[in-house]
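Following: one structure in C-alpha cells, then a few remarks.
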Amino acid sequence: MAVVASAPGKVLMTGGYLILERPNAGVVLSTNARFYAIVKPLYDEIKPDSGASAWTDVKLTSPQLSRESIYKLSLKNLMLQCVSSRQVLLWTVLCVCVLLSSEISDSPCIDSFQLYLHIFDYSYSALNMVKRESRNPFVEQAVQYAVAAAHVTFDKDKKDALNKILLQGLHIMILGCNDFYSYRNQIEARGLPLTPEALAALPPFTSISFNAEENGQNCKPEVAKTGLGSSAAMTTAVVAALLHYLGVVDLSSLSKDEGPVDVDMVHIIAQTAHCIAQGKVGSGFDVSSAVYGSHRYVRFSPDILSSAQDAVKEIPLQEVVASILKGKWDHERTKFSLPPLMNLLLGEPGTGGSSTPSMVGAVKRWQKSDPTKAEETWRKLSEANSALEIQLNILSKLAEENWNAYKCVIDICSKQRPEKWIEQATEPSQEVVFKALLGARSTMFEIRNHMRQMGEAAGVPIEPESQTQLLDATMGMEGVLLAGVPGAGGFDAVFAITLGDSGSNVTKAWSSLNVLALLVREDPHGVSLETGDPRTKEITSAVSAVQIE
C-alpha cells in the first residue's frame, strides 16, 4: 500500500544571517506550497530467490523532471549505489551535436574512423554528465538515513519484518507544487500578462523548465526556483513517507493543531539527511519549518551532527544514526503564525536569482574583518527582529481580546494608505490596534535599514537598489503592513504582508511594475500524511471548479 506524505515550503520573514548563530532567533512562515513523496513496494511480492540477497532495489522517479534512477540498497551497510539513471536525452544529443560540429569544423580532413571515435567519446562523456546531474543527493541521503533509523529503533522481530518490506523494493516518487519553480519565462514567452491567473492556468505539477548554459564542453541544465526551500521540503516529505511506510513512526494521528512525538524523529532524520546532502551544517530553519510549520526558531548546535559528518570515514551508518538520535537537540521552537486577517504575498521581480552561500560567505568574512561594527549591527538587527515579533504577537492578542474592534481596524486599513491609518481611530479599543500596526511598520523599516547596512559593509546586495524601490513602493500601497526581502535577500522574490482583502490590489500594482505575484500563501501546518496521490486530488479539484452552463 502506498504512503503519501507532504511538507511545506518556507519564507524566512525575520532572522536572515543572524539565524545562523545561536541564540539568535528567526520567524519562519510555512506556506501552502508543498512537496509530496509517494512510497510504495517496487514489486508485488518478494522474489523466491531474494531471501539470501544482500541487496534490494530502489527506484526514484521525478515526473516533473522526466527523471528515473535505479539504485541497489545494501541490506548490510544500508548504502545506496546508483546503477542506472535516465533523463530526457535532449541534453545528451545537444552536447554531442554542439561539440561534434565544433570539432569537425576545426578539422575538415577528419576521416570516418576518427569521426566514430569522436562520437563515442563525446556521447559517453555526455551520458555520464546526464547520469551525474540527474541523481538526487537529498533523496539518496533521506533513504539511507530513514532505513538506518528503522534498523536502530527496531528489535529483532521488527527487523525481520523490515527486511521483508525492503526485499519488495522501494518505489519513491517526488512531486513539487508549481509554486516552488519559476514559470515567469514561459508566461512572458506566450505573451501572457504577469498575473496570478496566468500561473493558476498551468496544469498541476507542470514539467519544470531549465535554464540551459552552454559553457565550453559543459551543457548543464539548471532548474529555475522561487526560493521556497524545495530541497528541505522534498527531503522532509521523503523521510516522513519512508519512516511511516517502514513502521518507524505513525503519522496517521497527526492533527493540524498538535502532532505526535513521532514528528521529532522525522525532524532529526530530515535535518541530518539534508545537511549531509548539501555538504554543510546549515541553520536548519527550512527543515524545521517543513516539519513543524510556522514558528519562531533558534538553531541547534552544529556539533550534534559531527558524527554524521564523520560517516564518510567508514563509520557504520547505524552507529551514526544511533548517536544522532541519542544526542541533545537543543533547537528552540515557539509557536507563531500571522495575526488574523493578515496574508502573505510573494512577488517575483524577474531580476535574476542570488547565490545564498556566496552571500553568507561574504557576510562572515566581513564579521571577521570588522568584528566591532558587525557585532553592533547584529545587535541592532536582533533587537528590531524581536520588536517586530512582539508587535505581531500583540496584534494576535488584540484580535483575541476584542475581535470586533480588531476587525474594524483591519477593514479600515485595508482600504487606506498607511499615512492615513491613525486618523481613522474613533475609540481607544481601536487606537491600540492602529498603534500596534504602525509599530510593526516602523520596526520593519528598521530591519530593512540594518540589512542594507550589513550588505553594503559586506559588499553583497542584500537589499539591492531595485528591490529597495519596489519595497518602498509596496509599503506605500493601500492595505500593506510589511514588505521585505526574505531570508538572505538579494534579487530573489520579495514578500508583503497585506491586510484584509487588499492583496488583489497589490498583485495588480505589482503586475504594472513587472513583478509576478505568486500563488503562495501562509499555511502554518507542517509535515502531513496525505490520503492519496496529489495529482488525482488536483485533477478532482480542477474538475469540480468547472461550471457547466
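Letter 4 of the sequence shown, counting from 1, is numbered 4 in UniProt numbering, and no numbers are missing.
Ideal placement from N, C-alpha and C gives every residue a C-beta, glycine not left out.
Please read all numbers here as calculations on a predicted model, not as lab measurements.
* Asked: Does the stretch 229-243 come close enough to the stretch 275-289 to have 3 or more Cβ pairs within less than 8 angstroms?
  -> yes
* Which of helix, strand or coil does DSSP assign to Val515? -> Coil, per DSSP.
* In DSSP terms, what Phe35 is bridged to -> Per DSSP, Ala7 and Gly176.
* Sequence ranges, alpha helix (DSSP H) only - wholly within the stretch 391-427, length at least 4 -> 403-413
* Does the stretch 284-304 come close enough to the stretch 318-332 to have 3 or more Cβ pairs within less than 8 angstroms? -> yes
* To do: Apply the 10 Å Cβ neighbour rule to Lys10 and answer buried if 16 or more other Cβ atoms are within range, or exposed otherwise.
  => buried
* **Where Trp329 sits in the DSSP three-state scheme** => coil
* Asked: Ser294 and Ser30: beta carbons closer than 8 angstroms?
  -> yes
* Asked: Cα separation between Ile46 and Met444?
  -> 59 angstroms
* Measure the C-alpha to C-alpha separation of Ile390 and Ala436 and round it to an integer number of angstroms. => Rounded to whole angstroms, the gap between the alpha carbons of Ile390 and Ala436 is 9 angstroms.
* Could you check what DSSP says for Val363 in three-state terms: helix, strand or coil? => helix
* Determine, using beta carbons only, whether Leu199 and Asn178 come nearer to each other than 8 angstroms. => yes
* Hey, how far is the Cα of Val433 from the Cα of Ala399? -> 9 angstroms
* Let me know if Trp403 comes out buried or exposed under the rule of 16 or more other beta-carbons within 10 Å of its beta-carbon. => exposed
* Asked: Which runs of the alpha helix (DSSP H) fall wholly inside the stretch 253-306 and span at least 4 residues, in chain order?
  -> Segments of the alpha helix (DSSP H) lying fully in the stretch 253-306: 262-278 and 285-292.
* **Buried versus exposed call for Ala240 [16 or more other C-beta atoms within 10 Å across all chains shown]** => buried
* Start and end of the alpha helix (DSSP H) containing Thr468? -> Glu465 to Met475
* Would you say Glu463 and Val485 are within 8 angstroms of each other, going by their C-beta atoms? -> yes
* To do: Kindly indicate which three-state DSSP category Pro41 falls into: helix, strand or coil?
  => It is a strand residue.
* Asked: Between Arg296 and Val27, is the Cβ-Cβ spacing less than 8 angstroms?
  -> yes
* **Beta carbon of Ala509 nearer than 8 angstroms to that of Met475** => Contact flag unset, no.
* By a C-beta neighbour count over all protein chains shown, 10 Å radius and 16 as the cutoff for buried, is Gln141 buried or exposed? -> buried
* Among residues of its own chain, excluding the 5 on either side of Gln271, which ones have a beta-carbon nearer than 7 angstroms to its beta-carbon? -> Gly284 and Val287
* Whole-Å CB distance - Leu482 paired with Ala517, under 8 angstroms assumed -> Not a contact, Cβ separation roughly 16 angstroms.
* Asked: For Ser504, does the three-state DSSP call read helix, strand or coil?
  -> helix
* In angstroms with no decimal places, state the Cα-to-Cα distance between Glu68 and Ser502. => 44 angstroms
* If you compare alpha carbons, which of Glu446, Ser414 and Tyr406 is closest to Gln430? -> Checking every option, the nearest Cα to that of Gln430 belongs to Tyr406.
* **Proximal residues to Thr334 (C-beta, below 7 angstroms), its chain only, five neighbours per side dropped** => Excluding residues within five positions, the ones whose Cβ falls inside 7 angstroms are His295 and Arg296.
* Terminal residues of the alpha helix (DSSP H) in which Asp185 lies -> It should be pointed out that residue 185 corresponds to Asn in this sequence rather than to Asp. Here the alpha helix (DSSP H) through Asn185 covers Arg184 to Ala189.
* To do: Pick helix, strand or coil for Gly439, following the three-state DSSP scheme.
  => helix
* For Val143 and Leu242, the rounded distance between their alpha carbons -> Spanning the two alpha carbons is a distance of roughly 7 angstroms.
* Put Val147 into one of helix, strand or coil per three-state DSSP. => DSSP, reduced to helix, strand and coil, places Val147 within a helical segment of the structure shown.
* Give the straight-line distance between the Cα atoms of Ser53 and Thr153, rounded to the nearest whole angstrom. => 23 angstroms
* Asked: Once you ignore the five residues that flank Lys280 on each side, which residues in its own chain have a CB closer than 6 angstroms to its CB?
  -> none
* Asked: Pick from Leu75, Arg34 and Thr206: whose alpha carbon is nearest that of residue 567?
  -> For the chain, the structure presents residues 1 to 549; residue 567 sits outside this window and is missing.
* Around the Cβ of Val363, are there at least 16 other Cβ atoms within 10 angstroms (buried) or fewer (exposed)? -> buried
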